[in-house]
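Chemist: Top line first, the protein sequences correspond to chains A and B. Each residue of the first sequence is one higher than the one before, counting from 1 in full-length UniProt numbering. Each residue of the second sequence is one higher than the one before, counting from 1 in full-length UniProt numbering. Note that the Cβ used here is the ideal one computed from N, Cα and C, for glycine as well.
There are 2 protein chains.
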Amino acid sequence: MSHVTTTDLYEVTMALSYLKEGMDGTATFSLFVRDLPPDRGFLVSAGLESALDYLTDFRVTRGDAEDFAAVLHRPRRDLEPLVGLAFRGEVRAVPEGRVVLAGEPLMEVTAPLPQAQLVETYLLSQINHQTTVASKAVRCVLAAAGHPVVDFSLRRTHGPQAGMQAARVGAMTGFAGTSNVAAATRWGMHASGTMAHSYIEAFPDEEAAFRAFARAHPGPVTFLVDTYDTPGGVAAAARVLTGLRRGTGCAIRLDSGDLGALARQARAALDAAGLGDVAIIASGGLDEYGIDALVRSGAPVDVYAVGTRVGTSADAPYLDSAYKLVEYDGRPVMKLSSAKATAPGRKQVFRTVGQPDRLALRGESPPAGAEPLLRTVMRDGRRTGPPDDLAAAHARLTGDLATLPEPALRIHNPEPSRPQISHRLSRLTTEVRRRLQAGVHDGSSRDRSSGEPPLTDREEAPRGVHATKNRS
Amino acid sequence: MSHVTTTDLYEVTMALSYLKEGMDGTATFSLFVRDLPPDRGFLVSAGLESALDYLTDFRVTRGDAEDFAAVLHRPRRDLEPLVGLAFRGEVRAVPEGRVVLAGEPLMEVTAPLPQAQLVETYLLSQINHQTTVASKAVRCVLAAAGHPVVDFSLRRTHGPQAGMQAARVGAMTGFAGTSNVAAATRWGMHASGTMAHSYIEAFPDEEAAFRAFARAHPGPVTFLVDTYDTPGGVAAAARVLTGLRRGTGCAIRLDSGDLGALARQARAALDAAGLGDVAIIASGGLDEYGIDALVRSGAPVDVYAVGTRVGTSADAPYLDSAYKLVEYDGRPVMKLSSAKATAPGRKQVFRTVGQPDRLALRGESPPAGAEPLLRTVMRDGRRTGPPDDLAAAHARLTGDLATLPEPALRIHNPEPSRPQISHRLSRLTTEVRRRLQAGVHDGSSRDRSSGEPPLTDREEAPRGVHATKNRS
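This is the structure we're talking about:
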């Protein structure tokens, strides 16, 4: 399966038309999330690395063009103009791990229009999914209030590829490990996991199962204690652990029932057996709400394992993301459709500690002390630096979380932080809207004559920009 | 990335212990869904084909074993027993496209215990995800009441792999097409799609955009009419379509606003322009509820395009699926944990038209006229027949839907159909539960001496079964 054909067909039909019309002028598309889901106070930027891998490798082969021709029922020669088309544009993006708010671009792609259009679907699929799951996972880390959180989601994610990304963004938000061996191998994470209920059931009784497990695994062991009756399972685990003397790192896992009450009983039983250093891991349908309730109740749970609800972001399994044309051939553009209007022009987000973010046009000067969130990560279709790593992304997130207002960080009923809109962006939006509503859709010359500096900067125009050949 | 290491670590730690203990007796795991999500009256079986591909290719390489050793911090030699382990078991499964109810196995895997255990995570990831999305997609087809439904979900699914499967299961449930070129190519589907709002915005006005599109695409065209103001967009589309004379197959697409009201206005405008054969496609946040409302209101929508909410099964993005050991070495087993108890023994589902399904033990005789749902699809790790195709799966679904009671088919507040439990399965469940609660976990000899025929059949035991070497 070619990544190039993993696209919505309309990207292809549009690109063909652009090429036919000679419309290879420079376009900028802005990828952002319109509104946050109800229980999110902020987003965590994720998906950029795999998006850049895709753009780096993007090149339409003859085979891809043949596939396009076949589904369009067109002769192969009609698709010939696409063959060899590669991505040679500029990408400005918010690095992974940063806090992002509604309306703030996660990425802006500037390239000749056909290139920038053809990559839309795949970019959205990467950024939307990974940002969705990262923005859920971080809430588990916040709810756990310092207790380790581990990812057990692989069996319920939307296929194995989604499971890989869930493990990766979990690590980005601070998870202590994952059950997913392939992800742990690929990204150097701690791998976590011991036994299922089926393991216990395959033995005559729990104690026999625990002893057999310890025979096979010489290091610290974790015993699953809820297969039949949790107090009995805890007692069996305590008997085996007492004899083992494996030192610190051993644990029991609770996977069903009233996890808080069972954890208290288990803690008392383990302590009474002199096993004060045996940890308690809780799992089974947990997400940030379940973790929060356990933590607030003071339940003696040491480690939280989350799976299904986090790996699928079950309460908000998608974001209202968009990849919108904001400028074409020097002309700011926008969509007016009801409830889906977009702001025109290339943008920048300025972040200042202790103040709301400012969503501005790209050419605006930063407020004093402000940091610009969008960085140039690709020029001429090549990364401007080496691939980012998860530890750096996690460090960025930790920094941003420290400056977010408390209402945005809440587990229940968070209040989303919102950026302020700069005066110049507001004015441009009003002007473009007025122009479009008047039916005067090409007003670039009017913008330039307004007496103020140009509303979008020109200095950083990407190389490879072509003049528009046909402006009917 | 190896498919073998795309697994939860605990499958590996359990398999190592089984091998050390000589526990390679025959195990049967049953993959089923415990309870349906609130707004589902039934499930559509999906994911079997990719699951069988995985099992066919499953073999632990030396590289996989090295990855396992690394994440376990064990010497390579400790993982040596796994090298070369392949799947050589039997799989009985419900073919794709069949209606399945809560508690009914979608698949039963019978193999030497380490093999059957190692494949758990990946099998769940395939069956759970695809059955989840298929069970959502079919409701869109039902709601559309004969109108074509097409898949536009790729940009919002949980990554591209999930998007491929969403397109495939959409076709299985009767979708008329997909926007996903790679999926259309791979599975021979109709590919659908024309233009985005960005396309319109790149031109001076809508009419110029539509004319350019028609220049590039000689066949029937679809124009997106809601970029600025829908009635204006419809008027522009009508002017261009009137001149084009492209025959049937042309359409306009509405993607925002009050789709029902806009469709009525657009229909009237098109008809007044003599364009009665131009179809109306509706998209934008649609799922079965939105489609149902439009259809019931009599809105003149001809084709429904669904995306995000269907491709992610947004209201129920996972199923409560389980892969449970139900028999080991001739001994029926079960789990007793609160709210997660499982029924022991290998099973069969008998379906009779006009009657509830019967969930029974595998050896039971079928009721008169009943059809067994689980078929043997793999023996000795090899498929028993050629890969299934989507058309056959769709035909099976059509047949099953025709026999489902109306309450299960409802869009709003469906009542899930439930299987009856056979007398012998109930009795076995009671006996095993009693035995486990009494602490007598190995009671296989007791089952055999009960005076009735054996509760699970022996005739179809898979080849390659080994005697258990260690029953402590």
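#1: Any idea what DSSP makes of Ile281(A), helix, strand or coil?
#2: Excluding the five sequence neighbours on either side, which residues of its own chain have a C-beta within less than 7 Å of the C-beta of residue 482(A), listed in chain order?
#3: Nearest chain A C-beta to Leu325(B) closer than 7 Å, yes or no?
#4: Based on Cα-Cα distance, which residue from Val133(B), Asp357(B), Phe350(B) and Leu85(B) lies nearest to Gly363(B)?
#5: Would you say Pro317(B) lies against chain A (beta-carbon separation less than 7 Å)?
#6: Taking 7 Å as the limit between beta carbons, can you name the residues of its chain near Leu55(B), skipping five residues before and five after?
#7: Exposed or buried, which one is Asp35(B) when buried takes at least 16 other CB atoms within 10 Å?
#8: Work out the CA separation of Arg309(A) and Ser198(A) for me, nearest whole Å.
#9: Just the chain C side, please: which residues come within less than 9 Å of Ala182(B) by C-beta, in chain order?
#10: Can you tell me whether Pro105(A) is buried or exposed? The criterion is at least 16 other CB atoms within 10 Å of its CB, across all chains shown.
#11: Which residue marks the beginning of the alpha helix (DSSP H) containing Arg244(B), and which one marks its end?
#12: For Leu124(B), list the residues DSSP reports as bridge partners.
#13: Taking Cβ positions only, does Ala273(B) come closer than 7 Å to chain A?
#14: Please identify, using Cβ separations under 8 Å, the residues of the segment 98 to 121 of chain A that lie next to chain B, in order along the chain.
#15: Ordered along the chain, which non-local residues of its own chain (more than five positions away) have a Cβ less than 8 Å from that of Ala408(B)?
#16: The alpha helix (DSSP H) with Tyr304(B) in it runs from where to where?
#17: What are the residues of the segment 146 to 167 of chain A that lie near chain B, defined by any Cβ-Cβ distance shorter than 9 Å?
#18: Buried or exposed: where does Asp229(A) fall if 16 or more other Cβ atoms within 10 Å of its Cβ makes it buried?
#19: Taking the Cβ atom as the reference point for each residue, do Ala137(B) and Gly170(B) lie within a distance shorter than 7 Å?
#20: Alpha carbons only, please: which of Gly285(B), Val109(B) and Arg245(B) is nearest the one belonging to Ala322(A)?
#21: Between the alpha carbons of Gly84(B) and Thr61(B), how many angstroms are there, rounded?
#22: Run through chain B and tell me which residues come within less than 9 Å of Glu96(A), C-beta to C-beta.
#23: CB-CB under 6 Å to Pro81(A), same chain, minus the five flanking residues each way: which ones, in chain order?
#24: Would you say Met195(A) faces chain B, with C-beta separation under 7 Å as the test?
#25: Between Ala269(A) and chain B, is the shortest Cβ-Cβ distance under 7 Å, so that the two count as touching?
#26: Between the segment 367 to 400 of chain A and chain B, which residues of the former have a C-beta closer than 7 Å to a C-beta of the latter?
#27: Can you find a C-beta in chain B that's less than 7 Å from the C-beta of Ala279(A)?
#28: Report yes if the C-beta of Glu288(A) is less than 6 Å from at least one heavy atom of the ligand COA; otherwise report no.
#29: Checking 7 Å against the spacing of the C-beta atoms, do Asp8(B) and Gly193(A) come in under that value?
#30: Quick one, which residues of the segment 406 to 432 of chain B are near chain A if we go by CB-CB under 8 Å, in chain order?
#31: For Glu406(A), count the other beta carbons within 10 Å of its own beta carbon; 16 or more makes it buried, fewer makes it exposed. Which is it?
#32: I need the DSSP call for Arg448(A), collapsed to helix, strand or coil.
#33: Closest by CA to Gly232(A), which one among Asp57(B), Leu436(B) and Val12(B)?
#34: Ends of the alpha helix (DSSP H) at Pro407(B)?
#35: If the cut-off is 8 Å on Cβ atoms, which residues from the segment 20 to 50 of chain B count as contacting chain A, listed in chain order?
#36: Are the C-beta of Met14(B) and some C-beta of chain A separated by less than 7 Å?
Modeler: Put simply:
#1: Counting from 1 along the first sequence, the entry for residue 281(A) is found at position 281. Strand.
#2: Within the shown structure, residues of chain A are numbered from 1 to 472, placing residue 482(A) beyond reach of any answer.
#3: Stepping through the second sequence from its first residue, residue 325(B) is reached at position 325. At least one chain A Cβ lies under 7 Å of Leu325(B).
#4: Here residue 363(B) corresponds to residue number 363 of the second sequence, with the count starting at 1. Ranking the options by Cα distance to Gly363(B), first place goes to Phe350(B).
#5: Counting from 1 along the second sequence, the entry for residue 317(B) is found at position 317. Yes, its Cβ sits closer than 7 Å to a Cβ of chain A.
#6: Numbered from its first residue, the second sequence carries residue 55(B) at position 55. Phe87, Val91, Val119, Met378 and Gly381, listed in sequence order.
#7: To locate residue 35(B), count along the second sequence from 1; it is residue 35. Label assigned to Asp35(B): exposed.
#8: Within the first sequence, numbered from 1, the residue matching residue 198(A) stands at position 198. Within the first sequence, numbered from 1, the residue matching residue 309(A) stands at position 309. Spanning the two alpha carbons is a distance of roughly 22 Å.
#9: The structure shown has no chain C; the protein chains it does contain are A and B.
#10: If you number the first sequence from 1, residue 105(A) lands on position 105. Flag for Pro105(A) reads buried.
#11: As a first step, residue 244(B) is located in the second sequence; it is residue number 244 there, counting from the start. Checking the sequence, you will find Leu at residue 244(B) rather than Arg. Counting along the chain, the alpha helix (DSSP H) containing Leu244(B) begins and ends at Thr230 to Leu244.
#12: Looking up residue 124(B) in the second sequence gives position 124. Answer is none; Leu124(B) lacks a bridge partner.
#13: Within the second sequence, residue 273(B) is the residue found at index 273, counting from 1. No, no contact with chain A.
#14: Leu113, Gln117, Glu120 and Thr121
#15: Start at 1 with the first residue of the second sequence, and residue 408(B) comes out as number 408. Excluding positions up to five away in sequence, the list reads Gly41, Phe42, Pro414, Glu415, Pro416 and Ser417.
#16: Mapped onto the second sequence, residue 304(B) falls at position 304. Run containing Tyr304(B): none in the alpha helix (DSSP H); it sits in the beta strand (DSSP E), Val303 to Val306.
#17: Phe152, Leu154, Arg155, Arg156, Thr157, His158, Gly159, Pro160, Gln161, Ala162, Gly163, Met164, Gln165 and Ala166
#18: Reading the first sequence from its first residue, position 229 is the one you call residue 229(A). So Asp229(A) ends up on the buried side.
#19: Here residue 137(B) refers to the residue found at position 137 of the second sequence. Here residue 170(B) refers to the residue found at position 170 of the second sequence. The answer is yes: Cβ separation under 7 Å.
#20: For the purposes of this step, residue 322(A) is taken as residue 322 along the first sequence, with counting starting at 1. The shortest Cα separation from Ala322(A) among Gly285(B), Val109(B) and Arg245(B) belongs to Gly285(B).
#21: The count along the second sequence starts at 1 and reaches residue 84(B) at position 84. The count along the second sequence starts at 1 and reaches residue 61(B) at position 61. The alpha-carbon atoms of Gly84(B) and Thr61(B) are separated by roughly 6 Å.
#22: On the first sequence, position 96 is the one that residue 96(A) refers to. Ordered by position in chain B, no residue passes the 9 Å Cβ test against Glu96(A), which lies about 16 Å from the chain.
#23: One-based indexing of the first sequence puts residue 81(A) at position 81. Excluding positions up to five away in sequence, the list reads Leu19.
#24: Residue mapping note: residue 195(A) aligns to position 195 of the first sequence, counting from 1. Answer yes: the Cβ-Cβ gap between Met195(A) and chain B drops below 7 Å somewhere.
#25: Mapped onto the first sequence, residue 269(A) falls at position 269. Not closer than 7 Å to any Cβ of chain B, the Cβ of Ala269(A) fails to qualify, so no.
#26: none
#27: One-based indexing of the first sequence puts residue 279(A) at position 279. Ala279(A) does not count as touching chain B.
#28: Questions concerning the ligand COA fall outside what the structure shown contains, since it holds no ligand whatsoever.
#29: Taking the first residue of the second sequence as position 1, residue 8(B) is located at position 8. Taking the first residue of the first sequence as position 1, residue 193(A) is located at position 193. Yes, the Cβ-Cβ distance between Asp8(B) and Gly193(A) is below 7 Å.
#30: none
#31: As a first step, residue 406(A) is located in the first sequence; it is residue number 406 there, counting from the start. Exposed, because fewer than 16 other Cβ atoms sit within 10 Å of the Cβ of Glu406(A).
#32: Counting from 1 along the first sequence, the entry for residue 448(A) is found at position 448. Because Arg448(A) carries a pLDDT of 32, less than 50, the predicted location of this residue cannot be relied on, and the following value inherits that uncertainty. Arg448(A) falls in the helix class under three-state DSSP.
#33: Indexing the first sequence from 1 puts residue 232(A) at position 232. Checking every option, the nearest Cα to that of Gly232(A) belongs to Leu436(B).
#34: For the purposes of this step, residue 407(B) is identified with residue 407 of the second sequence, where counting begins at 1. Where Pro407(B) is concerned, the enclosing alpha helix (DSSP H) stretches over Glu406 to Leu409.
#35: Lys20, Glu21, Met23, Ala27 and Phe29
#36: Counting from 1 along the second sequence, the entry for residue 14(B) is found at position 14. Taking Cβ atoms only, chain A reaches closer than 7 Å to Met14(B), which makes this a yes.
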